[in-house]
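S.K.:
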Amino acid sequence: MRRYHVTTFGCQMNAHDSERIKGMLESLGLGEAPSQEGADVLVFNTCTIREKPDTKLAAYLGDAGARKRQNPELVVAVGGCYAEAQQERLFELYPYVDVAFGPGSIPHLGEWIGAGGEAPRGRFGTHEHFAGDLPMHRERRFSAWVQVSMGCNSKCAYCIVPAVRGREQSRRPGEILAEVTRLAADGVREITLLGQNVNSWGRDLRSNLDTEFGELLRACDAVEGIERIRFTSPHPKDFREPVVTAMADCAAVCEHVHLPVQSGSSRILKAMRRTYDAERYLRLVARLRDAIPDLALGTDVIVGFPGETEADFMQTLALVEEVRFDSAYTFIYSPRQGTEAATMAEQVADEVKHDRLERLVDVVQRIAAERNAERIGRIEEVLVEGASRTDASVLRGRTRRNTTVNFAGTAEPGELVDVEIEASSSTTLRGAQRTAVAA
Ligand code: SAH
Ligand code: SF4
Ligand code: F3S
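The sequence shown begins at 2 in our numbering and counts up one residue at a time.
Given below as structure tokens:
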């Protein structure tokens, strides 16, 4: 049997695309190799959101080239956002790459790899089908990603995603619900709805279907067997009242929102073309907290966007202090070729960016640690995932607020159990199982 290995970089959408890539290869009769060693087909599903993933990929492809010199039969395929950004140039940079394909061309992967390399070497910019219609190799038994849209219509000045993922297209609600129902029948208890701008879902369907994301949440909530619903990432500008009330009303929708703010300076938000200012973001946070008691909030923050002054950065720190996020991903601004911000004057010096990141991380971690410490003594509902990554005698799972908990207990993966929280760090909780809730 020919065997494949897929290496995945980037966001949850890419991780989910890899489930489809694997499903496609398996439907062609290939089996999965546990590592690159011994694989006949090497696939890299790439990310290009910042410079770092590009550099990381270069090292991986260097290794793949060396393997290929020893085994000329080896097929090297590069998919995802970096491939889409580079197009045919990829073959000049890495001549030993056999096949390259963008995120919109996953449905065609089988034709080439199955055909043994007779097909075109590269395929980009199609985006005509949802990968959601393809066979799938699911990575997790009780949790699943569900793609609700592809692409992004925003114009955030720093971001390469619209260039590599195309215009936003919503998947039909009937297809989404059929998939959710299938997953539930398969034992899945938690779904995460995925879109680059997940809560603008439905807008492009409106010519013949009057719907919006809140309605989709309600429909998923009604699917028997689905105990937890998450979604990522919503854009603050599209977080409308019907979504807030759907979150408040639906028992399965978790008390957790990842709400990227990017900056606390309204001046920088404007230059980023985020289309909201700091005040509007804070009003949305207040509304969410009012409607959804005990809500956990996560965010993304960029430091060192072109023109960001010390005063702008201080406003970011102030916003982080004011909101008190439960978690935050922090990024150094990375110029991406072809984006508006890459050619802006006033690029911020590297040492200034690093200094700001360090100061931001200090604040983010202190607040996250304080937020988690507030959980001590409470009982949290935990969806059991398996053994702890660091200590096999301890179980691991997640709370509805999306915090990882390591706990002493006897539950099986996929069960929902009550755990009393006894200790905390900035990223995890520790506790002990109390009672088994309905299995
Ligand atoms: N579609 C999602 C994810 C975008 S990428 C969303 O809009 O939320 C995830 C995060 O990467 C962004 O929220 C942003 O904080 C960060 N990011 C995107 N482009 C970047 C760049 N050029 N430099 C640094 N961080 C970037
Ligand atoms: Fe990028 Fe902005 Fe679209 Fe998110 S909303 S994918 S940050 S352009
Ligand atoms: Fe995701 Fe990276 Fe593409 S963050 S959308 S894999 S550029």
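Even glycine gets a Cβ: it sits at the ideal position worked out from N, Cα and C.
Owing to the predicted nature of the structure, the values given are computational and were not obtained by experimental measurement.
Can you find the residues in the same chain that come closer than 6 Å, C-beta to C-beta, to HIS6, ignoring five residues on each side of it along the sequence?
M.R.: Taking the sequence shown and counting its residues from 1, one reaches residue 6 at position 5. For HIS6, where only same-chain residues beyond five positions count, the Cβ hits under 6 Å are ALA34, GLN37, ALA40 and LEU43.
S.K.: Relative to the ligand F3S, is the shortest distance from any of its heavy atoms to the C-beta of ILE107 smaller than 6 Å?
M.R.: As a working note, residue 107 is residue 106 in the sequence shown. No, the beta carbon of ILE107 sits no closer than 6 Å to any heavy atom of the ligand F3S.
S.K.: With distances taken Cα to Cα, identify the nearest neighbour of HIS257 among MET273, ASP278, VAL286 and ASP211.
M.R.: Working through the sequence shown from its first residue, we reach residue 257 at position 256. When each option's Cα is compared against that of HIS257, the closest is VAL286.
S.K.: Take every Cβ of the stretch 135-145, pair it with every Cβ of the stretch 187-206, and state whether three or more of those distances are shorter than 8 Å.
M.R.: At 8 Å Cβ cutoff, the stretches touch.
S.K.: Using the Cα positions of THR429 and VAL406, report the straight-line distance between them to the nearest angstrom.
M.R.: By 1-based counting over the sequence shown, the position of residue 429 is 428. By 1-based counting over the sequence shown, the position of residue 406 is 405. The straight-line gap from Cα to Cα measures roughly 6 Å.
S.K.: If you reduce the DSSP assignment to three classes, tell me which class VAL385 lands in.
M.R.: Sequence index remark: in the sequence shown, residue 385 carries index 384 (1-based). Three-state DSSP puts VAL385 in a strand.
S.K.: My assumption, with CB atoms under 8 Å, is that ALA279 sits in contact with LEU320. Please give the rounded CB distance.
M.R.: The sequence position of residue 279 within the sequence shown is 278, counting from 1. The sequence position of residue 320 within the sequence shown is 319, counting from 1. Confirmed, about 6 Å.
S.K.: If we count the other Cβ atoms within 10 Å of its Cβ and call it buried at 16 or more, is ALA440 buried or exposed?
M.R.: Stepping through the sequence shown from its first residue, residue 440 is reached at position 439. Confidence at ALA440 is low in this model, with a pLDDT of 48, below 50, so its placement is unreliable and no value can be given for it.
S.K.: Got a sec? Which residues, its chain only, sit under 6 Å from LEU52 by beta carbon, not counting five neighbours each side?
M.R.: Your numbering for residue 52 matches position 51 in the sequence shown. Before going further, note that residue 52 is Glu rather than Leu in the sequence given. The answer, listed in chain order, is SER335.
S.K.: Looking at the structure shown, is ALA440 part of a helix, part of a strand, or coil, going by DSSP?
M.R.: Taking the first residue of the sequence shown as position 1, residue 440 is located at position 439. Bear in mind that the predicted position of ALA440 carries a pLDDT of just 48, short of 50, making it too unreliable to give a figure here.
S.K.: Since ILE380 and ASP419 are thought to touch, with beta carbons under 8 Å apart, how far apart are those beta carbons, to the nearest angstrom?
M.R.: For the purposes of this step, residue 380 is taken as residue 379 along the sequence shown, with counting starting at 1. For the purposes of this step, residue 419 is taken as residue 418 along the sequence shown, with counting starting at 1. Right, their Cβ atoms sit about 5 Å apart.
S.K.: Among GLU382, ALA60, GLU85 and LYS69, which one has its Cα closest to the Cα of GLY126?
M.R.: As a working note, residue 126 is residue 125 in the sequence shown. When only C-alpha atoms are compared, the closest one is GLU85.
S.K.: CYS82: beta carbon under 6 Å from a heavy atom of the ligand SAH?
M.R.: For the purposes of this step, residue 82 is taken as the residue at position 81 of the sequence shown. No, Cβ of CYS82 sits at least 6 Å from all heavy atoms of the ligand SAH.
S.K.: Drop a sphere of 10 angstroms on the beta-carbon of LYS156, count the other beta-carbons inside from all chains shown, and report buried for 16 or more, exposed for fewer.
M.R.: Taking the sequence shown and counting its residues from 1, the one referred to as residue 156 is at position 155. That one is exposed.
S.K.: Please report how far the alpha carbon of GLN170 lies from the alpha carbon of LEU26, in whole angstroms.
M.R.: As a working mapping, residue 170 is identified with position 169 in the sequence shown. As a working mapping, residue 26 is identified with position 25 in the sequence shown. Approximately 25 Å, taken between the alpha carbons.
S.K.: Got a list of residues with beta-carbon closer than 6 Å to any non-hydrogen atom of the ligand SF4, in chain order?
M.R.: Listed along the chain, these residues meet the criterion: CYS153, SER155, CYS157, CYS160, VAL162, PRO163, GLN197, ASN198 and HIS236.
S.K.: Kindly list the residues whose CB is nearer than 7 Å to the CB of TRP202, restricted to its own chain and excluding five residues on each side of it in sequence; keep chain order.
M.R.: On the sequence shown, residue 202 is found 201 positions in, with the first residue counted as 1. If we look at TRP202 and ignore the five residues flanking it on each side, its Cβ neighbours are VAL149, SER150, SER171, GLY196, PHE214 and LEU217.
S.K.: Under 6 Å: does the beta carbon of GLY167 sit that close to some heavy atom of the ligand F3S?
M.R.: Against the sequence shown, residue 167 aligns to sequence position 166. Flag unset: Cβ of GLY167 not near the ligand F3S.
S.K.: Mind checking LEU94: buried by the 16 CB within 10 Å criterion, or exposed?
M.R.: In the sequence shown, the residue the question calls residue 94 occupies position 93. It is exposed - the Cβ of LEU94 has fewer than 16 other Cβ atoms within 10 Å.
S.K.: Return the CA-CA distance between TYR282 and VAL262, expressed in angstroms with no decimal places.
M.R.: Residue 282 sits at position 281 when you count from the first residue of the sequence shown. Residue 262 sits at position 261 when you count from the first residue of the sequence shown. The alpha-carbon atoms of TYR282 and VAL262 are separated by roughly 7 Å.
S.K.: Could you compute how far the alpha carbon of ARG390 sits from the alpha carbon of LEU396?
M.R.: Looking up residue 390 in the sequence shown gives position 389. Looking up residue 396 in the sequence shown gives position 395. ARG390 and LEU396: Cα-Cα distance of roughly 9 Å.
S.K.: Nearest-angstrom Cα distance between PHE408 and ARG435?
M.R.: On the sequence shown, residue 408 is found 407 positions in, with the first residue counted as 1. On the sequence shown, residue 435 is found 434 positions in, with the first residue counted as 1. Between PHE408 and ARG435, the C-alpha separation is close to 10 Å.
S.K.: Got a sec: does the ligand F3S put a non-hydrogen atom nearer than 6 Å to the Cβ of GLY126?
M.R.: As a first step, residue 126 must be located in the sequence shown, where it is residue number 125. No, the beta carbon of GLY126 sits no closer than 6 Å to any heavy atom of the ligand F3S.
S.K.: Measuring only the C-alpha atoms, how far is VAL100 from PHE306?
M.R.: Within the sequence shown, residue 100 is the residue found at index 99, counting from 1. Within the sequence shown, residue 306 is the residue found at index 305, counting from 1. Cα-Cα distance, rounded: 35 Å.
S.K.: Taking 6 Å as the line, does the beta carbon of GLY299 fall inside it for any heavy atom of the ligand F3S?
M.R.: Against the sequence shown, residue 299 aligns to sequence position 298. Not so, every heavy atom of the ligand F3S lies at least 6 Å from the Cβ.
S.K.: Mind checking which residues open and close the alpha helix (DSSP H) that includes GLY63?
M.R.: Here residue 63 refers to the residue found at position 62 when the sequence shown is read from its first residue. Its alpha helix (DSSP H) spans residues 52-71.
S.K.: Buried or exposed: which applies to LEU184, given that a residue is buried once 16 or more other Cβ atoms fall within 10 Å of its Cβ?
M.R.: The residue given as residue 184 occupies position 183 in the sequence shown. It is buried - the Cβ of LEU184 has at least 16 other Cβ atoms within 10 Å.
S.K.: At a threshold of 6 Å, does ILE50 count as lining the ligand F3S (C-beta to nearest heavy atom)?
M.R.: Working through the sequence shown from its first residue, we reach residue 50 at position 49. ILE50: yes, Cβ under 6 Å from the ligand F3S.
S.K.: For GLY111 versus ASN15, is the C-beta spacing smaller than 7 Å?
M.R.: The residue labelled residue 111 in the question sits at position 110 within the sequence shown. The residue labelled residue 15 in the question sits at position 14 within the sequence shown. Not a contact, by the Cβ cut-off of 7 Å.
S.K.: Should the stretch 65-75 be regarded as contacting the stretch 347-363, the criterion being three or more beta carbon pairs within less than 8 Å?
M.R.: Short answer: they don't touch.
S.K.: Straight-line CA distance for ASP301 to ARG168?
M.R.: Taking the sequence shown and counting its residues from 1, one reaches residue 301 at position 300. Taking the sequence shown and counting its residues from 1, one reaches residue 168 at position 167. Roughly 22 Å separates the two Cα atoms.
S.K.: May I ask whether a heavy atom of the ligand F3S can be found less than 6 Å away from the beta carbon of CYS1?
M.R.: Absent from the model: residue 1. The displayed extent of the chain is 2 to 440, so no value can be given.
S.K.: Keeping to the same chain, check which residues put their C-beta closer than 7 Å to that of HIS138; ignore five residues upstream and five downstream.
M.R.: To locate residue 138, count along the sequence shown from 1; it is residue 137. Only GLU20, LYS23, GLY24 and GLU27 meet the Cβ criterion.
S.K.: Return yes when the C-beta of PRO174 is under 6 Å from any heavy atom of the ligand SAH, and no when it is not.
M.R.: In the sequence shown, the residue the question calls residue 174 occupies position 173. Because no heavy atom of the ligand SAH lies under 6 Å away, the Cβ of PRO174 does not count as near it: no.
S.K.: Would you list the residues sitting across from TRP443 in a DSSP beta bridge?
M.R.: Residue 443 is absent from the structure shown; the chain starts at 2 and stops at 440.
S.K.: Let me check you understand the geometry: is the CB of THR56 closer than 6 Å to at least one non-hydrogen atom of the ligand PLP?
M.R.: The ligand PLP is absent from the structure shown, which contains only the ligand SAH, the ligand SF4 and the ligand F3S.
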